[in-house]
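Chain order of the listed sequences is A and B.
The first sequence begins at 1 in our numbering and counts up one residue at a time.
The second sequence begins at 1 in our numbering and counts up one residue at a time.
Beta carbons are placed, not taken as given, at the ideal position from N, Cα and C, and that holds for glycine.
Structure first, commentary second.
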Amino acid sequence: MSNAVSALSGAEFQGIAHVKEQGLIGMITLRGDFASDAFKAAAEAVSGCALPEVRKITVADNGNRLAWMSPDEMLLVCDHGAAPQAVADLTERLGGEHSMVVNVSDARAVFRIEGEKCREVVAKVAPVDMADFGVDDFRRTRFAQVPAAFWMSGAESVDVVCFRSVAQYMFDLLSVAAQEGSEVGVY
Amino acid sequence: MLILECPYCGVKGEETEFHGGGEAHLKRFGPGSDDDQFHDYLFSRVNPKGVHLERWRHVNGCGKWFHAARDTMTLEVFGTYSAQVFEPPQDIKDKISAKRPGWQWREFS
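The following block contains the structure:
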């Protein structure tokens with residue numbers, strides 16, 4: 001089998017914040033009826049995470065994350081190698097339940113913006129108020145001209161997910177926003 | 001700037017995060033209708049100065065369609081509501097009435 005390669009093979013940029021492509025990360029799109037007990041049970045059992053509230057993200061002990069994407073869609077973030085098994089488990093547990101489980105790991109790229117000024121870098125390119133954005137918040141929005149989703153993986157670190165096809169655009173965009181001496185000083 | 005609040009995910013975002021979907025509450029006239037009805041369904045749209053009901057999609061967010069009641073002149077948004085309704089809910093009508101007494105839009109007032 002061919003080797004899986006991430007979009008930018010770990011490209012990095014250091015400015016007012018550190019921008020790094022995160023390499024291979026497993027991502028599973030999970031759609032269904034959130035009100036259904038079978039759906040809740042399957043999602044919680046396989047991810048190990050509690051079901052997130054609206055626009056929130058939850059973390060499991062093993063590092064898995066479960067994010068609220070829309071009223072009928074969740075995103076499970078896990079190890080790249082563990083994704084196919086998680087898809088199989090979810091599909092089996094959901095059985096005849098009205099749902100959809102798809103491994104989208106290789107359709108996406110993930111970046112991490114790390115540093116004291118990470119909020120500032122995001123605020124420059126996305127129409128989001130970063131002042132009250134916390135570690136358990138999750139937001140789908142646009143980064144300049146491309147759709148993206150992000151959450152805070154730590155107090156001073158933001159993880160950004162975008163489509164793989166726009167990975168280079170996203171990296172260039174974040175690098176410009178993180179240029180040395182470009183801080184606005186709002187956050 | 002037009003600021004809308006998505007009724008599904010609660011995001012208060014500016015216009016660029018959304019996409020307009022034209023007039024709201026269109027009734028479809030398909031097979032069995034006469035030519036005039038079908039023509040109006042396809043082509044005839046209101047273009048009011050003032051209160052307007054529209055469809056919007058949270059395109060860069062949760063991706064869901066919803067309805068918005070707004071003023072086309074001042075860009076004031078009276079409220080947003082679910083897409084799964086045939087007419088604006090009473091609380092939205094009340095909000096519009098409070099600010100634009102005597103408003104009328106198609107058959108709603």
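Counting contacts by CB-CB distance shorter than 9 Å, is residue i in contact with chain A?
{"i": "B/LYS64", "result": "yes"}
{"i": "B/TYR81", "result": "no"}
{"i": "B/GLU14", "result": "yes"}
{"i": "B/GLY10", "result": "yes"}
{"i": "B/GLU17", "result": "yes"}
{"i": "B/ASN112", "result": "Because residue 112 of chain B is not part of the residues shown, which for chain B are 1 to 109, the question remains open."}
For residue i, which of the options has the nearest alpha-carbon?
{"i": "B/THR74", "options": "B/LEU26, B/ARG100 and B/GLY61", "result": "B/ARG100"}
{"i": "A/ASP137", "options": "A/ILE57, A/PHE39, A/ALA45 and A/GLN145", "result": "A/ILE57"}
{"i": "B/PRO88", "options": "B/CYS9, B/SER44 and B/ALA68", "result": "B/ALA68"}
{"i": "B/GLN84", "options": "B/VAL46, B/PHE18, B/LYS93 and B/ARG55", "result": "B/ARG55"}
{"i": "B/VAL112", "options": "B/THR72, B/GLY32 and B/ASP34", "result": "Residue 112 of chain B is absent from the structure shown; chain B starts at 1 and stops at 109."}
{"i": "A/VAL203", "options": "A/LYS20, A/PHE133, A/THR141 and A/ILE28", "result": "Outside the displayed range of chain A (1 to 187) lies residue 203 of chain A, so it cannot be described from this structure."}
{"i": "A/ILE113", "options": "A/ALA4, A/ASN3 and A/GLU21", "result": "A/GLU21"}
{"i": "A/ASP72", "options": "A/VAL160, A/LEU51, A/PHE171 and A/VAL5", "result": "A/LEU51"}
{"i": "A/GLU116", "options": "A/ALA4, A/VAL19 and A/SER2", "result": "A/VAL19"}
{"i": "A/VAL46", "options": "A/VAL101, A/LEU24 and A/ARG55", "result": "A/VAL101"}
{"i": "B/CYS9", "options": "B/SER44, B/VAL59 and B/PHE29", "result": "B/VAL59"}
{"i": "B/GLN104", "options": "B/SER82, B/ASP91 and B/GLY50", "result": "B/GLY50"}
{"i": "A/ALA82", "options": "A/ARG65, A/GLU97, A/LEU94 and A/MET69", "result": "A/ARG65"}
{"i": "A/GLN168", "options": "A/VAL158, A/GLY181, A/TYR187 and A/PHE143", "result": "A/PHE143"}
{"i": "A/ALA109", "options": "A/GLY63, A/ALA123, A/ALA149 and A/GLU44", "result": "A/ALA149"}
{"i": "A/ARG55", "options": "A/GLU97, A/MET69, A/ALA86 and A/PRO127", "result": "A/MET69"}
{"i": "A/ALA43", "options": "A/ASP61, A/GLY63, A/LEU76 and A/VAL59", "result": "A/LEU76"}
{"i": "A/GLN145", "options": "A/VAL166, A/GLY23, A/CYS49 and A/ALA131", "result": "A/VAL166"}
{"i": "B/PHE86", "options": "B/LEU53, B/LYS95, B/GLY61 and B/ASP35", "result": "B/LEU53"}
{"i": "B/ALA98", "options": "B/ARG106, B/GLU107 and B/PHE78", "result": "B/PHE78"}
{"i": "A/ASP61", "options": "A/ASP132, A/CYS162 and A/GLY48", "result": "A/GLY48"}
{"i": "A/LYS40", "options": "A/GLU97, A/ALA107, A/GLY26 and A/GLY134", "result": "A/GLU97"}
If you follow the beta strand (DSSP E) that residue i is part of, which residue opens it and which one closes it?
{"i": "A/GLN14", "result": "12–14"}
{"i": "B/PRO108", "result": "Checking the sequence, you will find Phe at residue 108 of chain B rather than Pro. B/PHE108 -> no beta strand (DSSP E), and no H or E assigned at all."}
{"i": "A/PRO147", "result": "146–154"}
{"i": "A/VAL19", "result": "18–21"}
{"i": "A/ARG140", "result": "138–143"}
Could you spell out where the alpha helix (DSSP H) holding residue i opens and where it closes?
{"i": "B/TYR8", "result": "Per DSSP, B/TYR8 belongs to no alpha helix (DSSP H) and is neither H nor E."}
{"i": "A/SER105", "result": "No alpha helix (DSSP H) holds A/SER105; DSSP gives it neither H nor E."}
{"i": "B/HIS67", "result": "No alpha helix (DSSP H) holds B/HIS67; the beta strand (DSSP E) holding it covers 65–71."}
{"i": "A/PHE39", "result": "37–47"}
{"i": "B/SER97", "result": "90–99"}
{"i": "B/ASP35", "result": "35–43"}
{"i": "A/LYS124", "result": "118–125"}
{"i": "A/GLU92", "result": "83–94"}
Is there a Cβ from chain B that is less than 9 Å from the Cβ of residue i?
{"i": "A/SER70", "result": "yes"}
{"i": "A/VAL54", "result": "yes"}
{"i": "A/THR29", "result": "no"}
{"i": "A/THR58", "result": "no"}
{"i": "A/ARG196", "result": "Because chain A here runs from 1 to 187, residue 196 of chain A falls outside it and cannot be looked at."}
{"i": "A/PRO84", "result": "no"}
{"i": "A/GLU120", "result": "no"}
{"i": "A/GLU180", "result": "no"}
{"i": "A/GLU73", "result": "yes"}
Return the bridge partner residues of residue i from the DSSP annotation.
{"i": "A/MET27", "result": "A/VAL77"}
{"i": "A/PHE163", "result": "A/ARG108"}
{"i": "A/ILE113", "result": "A/VAL19 and A/VAL158"}
{"i": "A/ILE57", "result": "A/ALA67"}
{"i": "B/HIS19", "result": "B/ARG57"}
{"i": "A/GLY32", "result": "A/SER99"}
{"i": "B/GLY79", "result": "B/ALA69"}
{"i": "B/GLU14", "result": "B/ILE3"}
{"i": "B/HIS52", "result": "B/ARG70"}
Against chain E, does residue i count as a neighbour if the rule is that its beta carbon must be under 9 Å from one of theirs?
{"i": "B/ARG45", "result": "Given the protein chain composition of this structure (A and B), no chain E is represented."}
* Sufficient close CB pairs (3 or more, under 8 Å) joining the segment 15–31 of chain A to the segment 171–186 of chain A -> In short, these stretches touch, since the Cβ pair count reaches three.
* To do: Could you say if the segment 34–48 of chain B and the segment 10–19 of chain B meet the contact criterion of at least three C-beta pairs nearer than 8 Å?
  => These segments do not touch.
* Asked: For the segment 80–100 of chain A against the segment 150–159 of chain A, are there 3 or more C-beta pairs whose distance is under 8 Å?
  -> The answer is no - the segment 150–159 of chain A does not touch the segment 80–100 of chain A, with fewer than three Cβ pairs under 8 Å.
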